[in-house]
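Visitor: Quick one: structure below, then a few questions.
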Amino acid sequence: MTPSNRSWLPPYCNPGAFLPAVQESIILFKERPYLFQDFVARAMRFLESDIVRKMGFKYDRKSALPCKWKCSDESLFGVDLCLYAFTGQYPFDKGRIGGIYNEGSLGAAVHHASINLDFGGSHVGYIPGESGGRFGNVRRPLHETDLSTDCGHLMATMEPFKRTYDDARENILLFSAGEESEVFVSIPNEYLQPGWSGHRIKLLIDIERLTGSVVDYDINKPYTHKVAGRTLFKVSEDFLAQVPPETAATFRTTEQTPIGIELTAGYFNIYDSQAELGSDGAPVNRLLPYMKIILSSKLAPYQLKGAVTNTNIEYNKLTDSVRSEAFRQYGFASFTGIFIDIFDEDIGNYINLFQPIGISIKPQGRVREIEISSAEVRHIFDRLEPARPVLPLEEVLAYSNSEKTLEKFTYRPGVFQRRWKP
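Sequential numbering of the sequence shown, starting at 21, is according to our numbering.
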């Protein structure tokens with residue numbers, strides 16, 4: 021009989037607890053992102069289009085307040101400058117560090133203008149290079165070591181989870197006894213029962229899914245002899261059927277092989293044992309339940325996956341806020357996406373790319389907004405003639421020729437992933 025350790029999990033981690041879906045990076049990054057200034061130019065043209073008028077949104081450029089909700093990182097200051105150049109207005113700040121949408125800012129923003137143009141999302145640093153470059157860092161000329169994390173707040177949130185996950189995938193070992201076809205898995209006890217770990221971040225293997233049964237001690241079979249701090253199981257045949265054939269073949273050898281990248285979200289749970297919980301029993305930080313999905317993705321680097329997930333969560337806070345009856349009379353046009361920060365050595369400045377995840381348009385007099393998917397945004401925007409800025413863009417930004425920076429972004433979903441080795 022296969023035992024269970026699910027009773028040790030917080031309720032929000034239980035496999036039966038529903039977790040709302042977020043967008044997949046492999047879909048969002050099917051196309052290269054926009055330069056942020058190019059996206060804003062098309063957004064301004066879009067607001068003046070028949071598409072928006074038919075939605076019932078009454079856009080008046082002179083009474084629209086540009087707003088930003090993003091991290092306070094200096095690598096994103098180009099976002100403020102672009103909004104200023106295209107509207108002639110300083111943007112109102114609706115964000116907090118870490119790319120968090122500040123719901124409390126909404127009342128003040130509509131007091132300043134009856135139409136709010138929201139541009140926001142999480143950000144992630146990008147270093148151009150071979151094999152699609154890498155995410156999570158950016159060059160900072162004022163930083164002692166030249167490179168630092170970006171977004172630092174988001175990376176710091178994920179770092180202890182990543183450290184625990186990496187240790188688990190290196191130390192959960194699979195092998196065969198040789199004379200038998202069965203595959204066994206040796207799991208450290210701290211990944212089976214939370215009391216065996218003194219760390220705040222707990223990772224528990226879902227033994228109902230990864231394993232078949234505990235292996236009994238047999239004096240004539242040395243591989244069954246107890247190793248201190250570990251428990252030996254038979255591996256689930258369903259697990260072996262779902263891994264690539266060449267990986268399964270490696271697991272069937274007598275050499276103990278780390279589970280590596282095959283430790284995907286369906287086979288474990290990870291949580292902060294000291295997380296602040298809300299009245300619903302879920303963490304106040306709504307990113308935490310998604311950690312196992314973020315860390316174990318085979319299709320996107322975890323740094324990018326985290327930024328995409330956090331943006332989805334904060335986008336929901338934005339749309340939920342504007343649906344309040346108190347804001348019925350106001351108009352909101354919200355452009356949400358992922359900011360990608362690159363320090364361009366040739367230009368000597370930060371350049372911001374933008375991958376839209378969607379647009380929501382809430383006309384005046386309505387409570388519900390009209391939502392436009394990322395694919396629809398791309399279809400519409402690529403056919404629009406960009407609007408001209410109100411102020412000279414190159415003078416405001418103090419650089420030009422940023423199109424060459426866009427060419428340095430070579431990431432493609434799924435291409436980056438290489439076989440992990442301990």
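Yeah, the Cβ is synthetic: ideal placement off N, Cα and C, and Gly gets one too.
Along the beta strand (DSSP E) that carries R250, what are the first and last residues, could you check?
Guide: Segment R250 to V255, the beta strand (DSSP E) holding R250.
Visitor: Pick helix, strand or coil for Q427, following the three-state DSSP scheme.
Guide: The identity of residue 427 in the sequence shown is Glu, whereas the question assumes Gln. In the structure shown, E427 sits in a helix (DSSP, three-state: H, G or I).
Visitor: Looking only at its own chain, which residues have a Cβ that is under 7 Å from the Cβ of T251, when we skip the five neighbours before and after it?
Guide: I207, N209, L212 and V234
Visitor: Please list the terminal residues of the continuous beta strand (DSSP E) segment that includes S233.
Guide: T231 to V234
Visitor: What are the boundary residues of the beta strand (DSSP E) that includes G378?
Guide: N369 to K382 is the span of the beta strand (DSSP E), which, as asked, contains G378.
Visitor: Give the secondary structure of D166 by DSSP, where H, G and I count as helix, E and B as strand, and everything else as coil.
Guide: Note: D166 maps to coil in three-state DSSP.
Visitor: Answer with buried or exposed for E51, where buried requires no fewer than 16 other C-beta atoms within 10 angstroms of its C-beta.
Guide: exposed
Visitor: Go through the segment 289-323 residue by residue and report every complete run of the alpha helix (DSSP H) that reaches 4 residues or more, in order.
Guide: 311-316
Visitor: Are the CB atoms of T356 and I371 within a distance shorter than 9 Å?
Guide: No, the pair does not count as a contact, with Cβ atoms beyond the cut-off.
Visitor: If you run the structure through DSSP and keep just helix, strand and coil, what is A41?
Guide: coil
Visitor: Would you say Y54 and L373 are within 9 Å of each other, going by their C-beta atoms?
Guide: yes
Visitor: Expressed to the nearest angstrom, what Euclidean distance is found between the alpha-carbon atoms of R272 and G115?
Guide: 51 Å
Visitor: So, do the segment 342-356 and the segment 399-410 have three or more beta carbon pairs nearer to each other than 8 Å?
Guide: Between the segment 342-356 and the segment 399-410, the count of Cβ pairs shorter than 8 Å is below three; the stretches do not touch.
Visitor: Where V42 and T329 are concerned, what is the direct C-alpha to C-alpha distance, given to the nearest angstrom?
Guide: Those two C-alpha atoms are separated by around 6 Å.
Visitor: Looking at W469: is its Cβ nearer than 9 Å to the Cβ of D138?
Guide: With the chain covering 21 to 442 only, the question about residue 469 has no answer from this structure.
Visitor: Specify whether the segment 410-423 and the segment 379-391 touch according to this definition: at least 3 beta carbon pairs, one from each stretch, less than 8 Å apart.
Guide: no
Visitor: With V3 and D170 assumed to form a contact (beta carbons below 8 Å), what rounded beta-carbon distance in angstroms separates them?
Guide: Nothing in the structure corresponds to residue 3, since the chain is present only between 21 and 442.
Visitor: What number of angstroms, rounded off, separates the C-alpha of G301 from the C-alpha of R73?
Guide: 43 Å
Visitor: Suppose the cutoff is 6 Å on Cβ atoms and the five residues either side in sequence are ignored; what does the same chain contact list for L126 look like?
Guide: S341
Visitor: Going by other Cβ atoms of all chains shown within 10 Å of its Cβ, with 16 needed for buried, is N34 buried or exposed?
Guide: Exposed, because fewer than 16 other Cβ atoms sit within 10 Å of the Cβ of N34.
Visitor: Below 6 Å CB to CB, which residues in the same chain sit around L417 once its five sequence neighbours on both sides are set aside?
Guide: L101
Visitor: Evaluate contact between the segment 147-159 and the segment 316-332, counting only Cβ atoms and requiring at least three cross-stretch pairs below 8 Å.
Guide: When Cβ pairs closer than 8 Å are counted between the two stretches, the segment 147-159 is seen to touch the segment 316-332, the count reaching three or more.
Visitor: Counting pairs of beta carbons, one from the segment 277-293 and one from the segment 184-196, are three or more of them closer than 8 Å?
Guide: Judged by Cβ distances under 8 Å, the segment 277-293 makes contact with the segment 184-196, as three or more pairs qualify.
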